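Per our numbering, residue 677 is the first one in the sequence shown, and the count goes up by one each step.
Here a beta-carbon is modelled for each residue, glycine too, at the ideal position from N, C-alpha and C.
Given the structure is predicted, the values throughout are model-derived calculations rather than measurements.
Working notes for the structure below.
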Amino acid sequence: MKNKNILITGGLGFIGSHITNKLIDNNNILIVDNVSTGNINNLYNPNHENLILINKDLNSLDLNNHLNGIDYVFHLAAMVSVPLSVENPIMCNLENVTTTVNLLNACVNNDVEKIVFSSSSAIYGENMNMPLTENELPMPTSPYAASKACCEMYLKSFYESYGLNYVALRYFNVFGPKQDKNSPYAAVIPNFISAILENYQPVIYGDGEQTRDFVYVKDVANANIKACKSKFNGIVNVASGKRITINQLFQIVKETMGSDVNPKYLPKRQGDIKHSQADISNLEKINLKIDTTNFENQLSATVKWFEEEFKRDIPNFKSKNI
Ligand SMILES: NC(=O)c1ccc[n+]([C@@H]2O[C@H](COP(=O)([O-])OP(=O)(O)OC[C@H]3O[C@@H](n4cnc5c(N)ncnc54)[C@H](O)[C@@H]3O)[C@@H](O)[C@H]2O)c1
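Put into structure tokens, the structure is as follows:
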């Protein structure tokens, strides 16, 4: 992708910054990010001449004015926390659904060629028909999941009504460098790595026999770019297509880090699903092949990044839940 004008909402976040870093040398990038969970230092060059950053909430902008001349939109900004969405469903609907509809409307008004939307495997909820294909019925168990399902419906309806091209990427469990370790809702891999680095006991909720399908953040960034370039309109799972138990994951993290710590088991959290595994055959439709044999190397690269962060800035690194 070259010489395009691209809007990346949430471009300073974990996944958005990987997309920005891949595209910025050859394209003009407009980022809208309110820095609620993102960080400018996630960009390899925050002063890049191809970057314009609007440090505002998407809801506070008249998007019609900002999309003039934009070719492609990657929409990642959202309330990303499931527990927060359960606490505040009205805010979740505003931040995730209303904002997306406003953005789609602005895309149509400004002749945007395609939008790539960050959706989620949370949509499948309690659906246990593994491996999960995109045709399975959404069974959302949280306002967050419902908001993502709703956005997918709007994407389809804008395609049918106005011809706005789209791909909704349903990410499974994303991991990799730059993932937020300080959030109270931090994901399992950053939690394990931080605990081991900071010398406290990692926590496993439930018996640890629940399974998850992990996908590396660089594959997710590639999926966004390939989806944008492809002729495909529709929904695509972004995952490895494999599942491992949280107990197995813990052993791999422990071995990678040369630790002999044991986990502390706490009761299962409300809303946690038992199993998750994607059918990834639709990745072909966006011409993407994910190397699914590389988990250990990807985990090593992730550990290395966290170790460097830890050495660089111990006070900021400290988790809030010690
Ligand atoms: N990380 C995962 O495992 C995962 C899984 C499924 C789906 N997703 C989806 O992928 C997207 C990106 O997730 P992430 O993990 O990179 O999260 P993140 O929190 O690191 O990134 C979200 C970014 O959006 C910004 N933002 C949030 N609300 C905003 C608003 N109203 N206006 C402007 N900026 C706003 C944040 O500051 C942040 O930079 C989200 O839509 C999320 O729901 C992530």
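1) For ILE728, name the three-state secondary structure that DSSP assigns.
2) Taking the CB atoms as reference points, tell me whether ASN849 and PHE793 lie closer together than 7 Å.
3) Roughly how many angstroms lie between the CA atoms of PRO722 and ASN731, to the nearest whole one?
4) Could you give the DSSP three-state label for SER757: helix, strand or coil?
5) Could you tell me the alpha carbon to alpha carbon distance between ASN740 and GLU984, rounded to whole angstroms?
6) In three-state terms, what does DSSP make of ARG988?
7) Considering only heavy atoms of ligand 1, does any lie closer than 6 Å to the CB of ILE691?
8) Please report how far the alpha carbon of ASN715 lies from the alpha carbon of ASN805, in whole angstroms.
9) Would you mind stating whether SER823 and VAL773 have Cβ atoms separated by less than 7 Å?
10) Excluding the five sequence neighbours on either side, which residues of its own chain have a C-beta within less than 6 Å of the C-beta of PRO878, listed in chain order?
11) Could you please give me the residues that DSSP links to ALA954 through a beta bridge?
12) Sort out for me which residues DSSP pairs ASN704 with in a bridge.
13) Compare the beta carbon distance of GLY801 and THR776 with 7 Å and say whether it is the shorter of the two.
14) Do the stretch 954-971 and the stretch 827-837 meet, that is, are 3 or more Cβ pairs less than 8 Å apart?
15) Looking only at DSSP bridge pairs, what is HIS694 linked to?
16) Per the DSSP calculation, ASN841 is bridged to which residue(s)?
Let me lay it out:
1) strand
2) no
3) 13 Å
4) coil
5) 41 Å
6) helix
7) yes
8) 37 Å
9) yes
10) PHE868, ALA871, PRO939
11) LEU808
12) ASN681
13) no
14) no
15) Paired residues: none, contrary to the question.
16) LYS790
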